[in-house]
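J.:
Number of protein chains: 2
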Amino acid sequence: MVREPLGEEAAAELSRMFKALSDPIRLRLLSLIASHEGGEACVCDLIGPFDVSQPTISHHLKVLREAGLVGSERRGTWVYYWVLPEALAKLSALLQTPAVAAKATG
Amino acid sequence: MVREPLGEEAAAELSRMFKALSDPIRLRLLSLIASHEGGEACVCDLIGPFDVSQPTISHHLKVLREAGLVGSERRGTWVYYWVLPEALAKLSALLQTPAVAAKATG
DNA sequence: CGCCTGTATCGACAGACATCGAAACAAGAT
DNA sequence: ATCTTGTTTCGATGTCTGTCGATACAGGCG
Numbered sequence: 001m002v003r004e005p006l007g008e009e010a011a012a013e014l015s016r017m018f019k020a021l022s023d024p025i026r027l028r029l030l031s032l033i034a035s036h037e038g039g040e041a042c043v044c045d046l047i048g049p050f051d052v053s054q055p056t057i058s059h060h061l062k063v064l065r066e067a068g069l070v071g072s073e074r075r076g077t078w079v080y081y082w083v084l085p086e087a088l089a090k091l092s093a094l095l096q097t098p099a100v101a102a103k104a105t106g
Numbered sequence: 001m002v003r004e005p006l007g008e009e010a011a012a013e014l015s016r017m018f019k020a021l022s023d024p025i026r027l028r029l030l031s032l033i034a035s036h037e038g039g040e041a042c043v044c045d046l047i048g049p050f051d052v053s054q055p056t057i058s059h060h061l062k063v064l065r066e067a068g069l070v071g072s073e074r075r076g077t078w079v080y081y082w083v084l085p086e087a088l089a090k091l092s093a094l095l096q097t098p099a100v101a102a103k104a105t106g
């Protein structure tokens with residue numbers, strides 16, 4: 001990011017992912033999923049901690065899924081969600097560079 | 001993030017920073033500033049690359065500033081902006097953990 | 001002082017988003 | 001088949017956001 005200006009396309013794709021992280025409920029959902037035993041959680045585990053309705057949680061999960069941050073699968077009665085580490089790593093790397101490079105560049 | 005669920009307050013603060021990154025123009029602005037010679041750029045350097053009006057750029061810079069991602073200062077005629085590396089490092093660390101931990105946890 | 005350039009703020013508007021209740025869909029149990 | 005529980009989709013609504021033009025503010029220069 002610090003080496004050369006972001007292109008329009010790259011910026012558009014990345015902004016979609018950051019937008020998915022721009023809601024406190026979605027951040028907490030992601031954290032809940034990531035920190036859940038086995039690295040995955042069913043929707044029923046994710047409703048309790050929040051004060052919003054269940055359809056709203058489902059909506060937020062859909063946003064995370066469409067942003068490519070989580071995967072999901074139905075197993076019998078329940079639907080399970082898990083974090084896609086590559087996606088987060090991509091964002092992390094993008095943000096990490098400037099801090100390091102800024103010190104190097106001075 | 002993967003160790004324990006994000007608290008409400010932490011999620012709220014982080015989501016504000018991610019929200020600032022959730023717009024393609026703001027991402028490109030940040031990248032332009034970070035990659036600019038000397039690590040800082042004046043607004044006049046930042047208007048040309050975009051198809052939006054100057055007030056819109058000014059608005060986006062304000063969003064980045066209020067999110068704590070960039071600093072700014074007026075020097076004579078021009079206003080200069082620079083990236084605040086600690087803020088980006090904070091977000092980067094948050095996103096980096098799950099990827100690493102996911103592999104460790106299996 | 002008045003003028004010009006660079007930047008920020010204001011007011012307005014269209015489009016996007018978070019949220020809800022209701023309803024649809026999926027799958028197991030009776 | 002019918003019921004029940006878990007989850008998603010739909011439609012509506014109020015709020016937020018990106019954008020613009022117009023305008024205000026700041027500072028250098030005649």
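Here the protein sequences come in this chain order: D and Z.
For the first sequence, this note's numbering begins at 1 and goes up steadily by one.
For the second sequence, this note's numbering begins at 1 and goes up steadily by one.
The C-beta atom is built at its ideal place from N, Cα and C for all residues, glycine as well.
To which residues of the same chain is residue 73(Z) closer than 6 Å at the C-beta, ignoring the five residues directly before and after it?
T.: Indexing the second sequence from 1 puts residue 73(Z) at position 73. 80, listed in sequence order.
J.: Tell me the rounded alpha-carbon separation between residue 106(Z) and residue 92(D).
T.: Start at 1 with the first residue of the second sequence, and residue 106(Z) comes out as number 106. Start at 1 with the first residue of the first sequence, and residue 92(D) comes out as number 92. Per-residue confidence for residue 106(Z) stands at a pLDDT of 45, beneath the threshold of 50, marking its modelled position as unreliable; no derived number is given.
J.: Quick test of your reading: residue 44(D) and residue 78(D), contact by CB under 8 Å. State the CB separation rounded to the nearest angstrom.
T.: Position 44 of the first sequence, counted from the start, is the residue given in the question as residue 44(D). Position 78 of the first sequence, counted from the start, is the residue given in the question as residue 78(D). About 6 Å; that satisfies the 8 Å criterion.
J.: Check for me: the alpha helix (DSSP H) holding residue 22(D) runs from which residue to which?
T.: Taking the first residue of the first sequence as 1, we reach residue 22(D) at position 22. Note, residue 22(D): premise wrong, no alpha helix (DSSP H); not H, not E.
J.: Answer yes or no: do residue 26(Z) and residue 88(Z) have a C-beta to C-beta separation smaller than 8 Å?
T.: Here residue 26(Z) corresponds to residue number 26 of the second sequence, with the count starting at 1. Here residue 88(Z) corresponds to residue number 88 of the second sequence, with the count starting at 1. No, Cβ-Cβ distance for residue 26(Z) and residue 88(Z) is not below 8 Å.
J.: Contact defined as beta carbons within less than 8 Å: I believe residue 21(Z) pairs with residue 28(D). What is the distance between those atoms, to the nearest angstrom?
T.: Here residue 21(Z) refers to the residue found at position 21 when the second sequence is read from its first residue. Here residue 28(D) refers to the residue found at position 28 when the first sequence is read from its first residue. Actually they do not touch by this definition, with Cβ atoms about 18 Å apart.
J.: Beta carbons nearer than 7 Å to chain Z: which residues of the segment 50-65 of chain D have them?
T.: Taking 7 Å as the Cβ-Cβ cut-off against chain Z, none of the residues of the segment 50-65 of chain D qualify.
J.: Have a look at the DSSP bridge pairing and note the partners of residue 72(Z).
T.: Residue 72(Z) sits at position 72 when you count from the first residue of the second sequence. In DSSP, residue 72(Z) forms a bridge with 81(Z).
J.: Helix, strand or coil for residue 117(D) per DSSP?
T.: What the structure shows of chain D is the stretch from 1 to 106, and residue 117(D) is not part of that stretch, so it cannot be assessed.
J.: Based on the DSSP output, what are the partners of residue 41(D) in its beta bridges?
T.: Position 41 of the first sequence holds residue 41(D). Looking at the DSSP assignment, residue 41(D) forms a beta bridge with 81(D).
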